[in-house]
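Participant: Residue numbers (the UniProt record's numbering): 1 to 230. One structure follows; several queries about it will come next.
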């Protein structure tokens, strides 16, 4: 798992991670995991990317730059008064903040592509009930929220929208309970057959792709990313 530096304030922290999941001996899937902490709430978005190698190299470069004293190149030349204001604001940022800004831009590009693809998608499958059908234009195929209390009560979870696989709600419940986070919002944008068809009959040892993904998300949230495969 490859991670970017974090941008944070007293109440807000954002991180980006790239997770590699083996689906079969011949195939693996790479997913972006973006996390946003806001006080007692955690927002997690996870989706597939086809630019895994490129993003991995960018994140590794950002991590290497953060640990060295090499200065960043100067901001691009402004072309208007608005650009000059933006350039001045950029120049006032620290090196770490500017590096994080570039990583965020790359991730935003991936999210924009996912939104565009979702907007062109067709209606939900006929076998999905009307209460669980997902309108076109949504960024994630599933979105669930889990609530956890320290009093020892059962962790509750509900799906805001889901697919017939209903993956996000139980995963959000387990993450909230294990991590002790009061509120977890989990958005998953996974292929319909992720972790199912690929693992069937593949003769793979070890955890299932979905279990590996859950472990990767937990490590990303816990800050235990170490540049390895899950």
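For each residue, glycine too, the CB sits at the ideal point set by N, CA and C. This one's a predicted model, so the numbers in the text were calculated from it and none came from an experiment.
Taking DSSP as the reference, what is the three-state secondary structure of residue 32?
Facilitator: Here residue 32 sits in strand by DSSP.
Participant: Reducing DSSP to helix, strand and coil, say where residue 26 ends up.
Facilitator: In this structure, residue 26 counts as coil in the three-state DSSP scheme.
Participant: Do you know how far the Cα of residue 166 is from the Cα of residue 223?
Facilitator: Distance between the alpha carbons of residue 223 and residue 166 is about 27 Å.
Participant: If you count every other CB in all the chains shown that lies within 10 Å of the CB of residue 14, and 16 or more means buried, which is it?
Facilitator: The residue in question, residue 14, is buried, as its Cβ has 16 or more Cβ neighbours within 10 Å.
Participant: May I ask which residues mark the beginning and end of the beta strand (DSSP E) holding residue 213?
Facilitator: Unbroken run through residue 213 is the alpha helix (DSSP H), 209–222; no beta strand (DSSP E).
Participant: Do residue 144 and residue 172 have their beta-carbon atoms positioned less than 8 Å apart in this structure?
Facilitator: Yes. Within cutoff.
Participant: Between the Cα of residue 23 and those of 194, 221, 214 and 217, spot the shortest distance and give me the residue it belongs to.
Facilitator: Measuring from the Cα of residue 23, the nearest candidate turns out to be 194.
Participant: Hey, would you say residue 181 sits closer than 8 Å to residue 46, going by beta carbons?
Facilitator: Going by C-beta atoms, residue 181 is not nearer than 8 Å to residue 46.
Participant: Give every residue of the same chain whose Cβ lies closer than 7 Å to the Cβ of residue 148, excluding the five residues on either side of it in the sequence, and list them in chain order.
Facilitator: Answer for residue 148: 155, 176, 177, 180, 181 and 182, listed in chain order.
Participant: Let me check one thing: in DSSP terms, what residues is residue 147 bridge-paired to?
Facilitator: According to DSSP, which records beta bridges pairwise, residue 147 is partnered with 156 and 183.
Participant: Under 8 Å between the Cβ atoms of residue 107 and residue 34?
Facilitator: In contact: residue 107 and residue 34 (Cβ atoms closer than 8 Å).
Participant: Drop a sphere of 10 angstroms on the beta-carbon of residue 130, count the other beta-carbons inside from all chains shown, and report buried for 16 or more, exposed for fewer.
Facilitator: Note that residue 130 scores 39 on pLDDT, short of 50, meaning its location in the model is unreliable; the coordinates nonetheless yield the value given after this. By the neighbour-count rule (16 or more Cβ atoms within 10 Å), residue 130 is not buried but exposed.
Participant: Skipping 5 residues on each side, what residues in its chain have a beta carbon closer than 7 Å to that of residue 188?
Facilitator: If we look at residue 188 and ignore the five residues flanking it on each side, its Cβ neighbours are 46, 140, 141, 142, 167 and 168.
Participant: Any idea if residue 209 is buried or exposed, counting beta-carbon neighbours within 10 angstroms, 16 or more meaning buried?
Facilitator: The residue is buried, with at least 16 neighbouring Cβ atoms inside 10 Å.
Participant: Quick check on residue 234: buried or exposed, where buried means 16 or more other Cβ atoms within 10 Å of its Cβ?
Facilitator: Residue numbering for the chain in the displayed model covers 1 to 230; residue 234 lies beyond these limits and cannot be assessed.
Participant: Enumerate in chain order the residues of its own chain whose CB-to-CB distance from residue 157 is below 8 Å, with the five nearest sequence positions on each side excluded.
Facilitator: Contacts found: 144, 145, 146, 147, 169, 170, 172, 173 and 176.
Participant: Look at residue 190 and residue 48 and say whether their C-beta atoms are less than 8 Å apart.
Facilitator: In this structure, residue 48 lies closer than 8 Å to residue 190 by Cβ.
Participant: If we ignore side chains and look at the alpha-carbon of each, how far apart do residue 219 and residue 17 end up?
Facilitator: Their Cα atoms are separated by approximately 10 Å.
Participant: Roughly how many angstroms lie between the CA atoms of residue 26 and residue 215, to the nearest whole one?
Facilitator: Cα-Cα distance, rounded: 22 Å.
Participant: Quick check: the Cα distance between residue 93 and residue 105, rounded to an integer number of angstroms?
Facilitator: Looking at the two C-alpha atoms, the distance is approximately 15 Å.
Participant: Cβ atoms of residue 213 and residue 21: under 8 Å apart, would you say?
Facilitator: Yes, they are a contact pair.
Participant: Mark residue 226 as exposed unless 16 or more other C-beta atoms lie within 10 angstroms of its C-beta, in which case mark it buried.
Facilitator: Note that residue 226 has pLDDT 39, beneath the 50 cutoff, so the model's placement of it is unreliable and no number is given.
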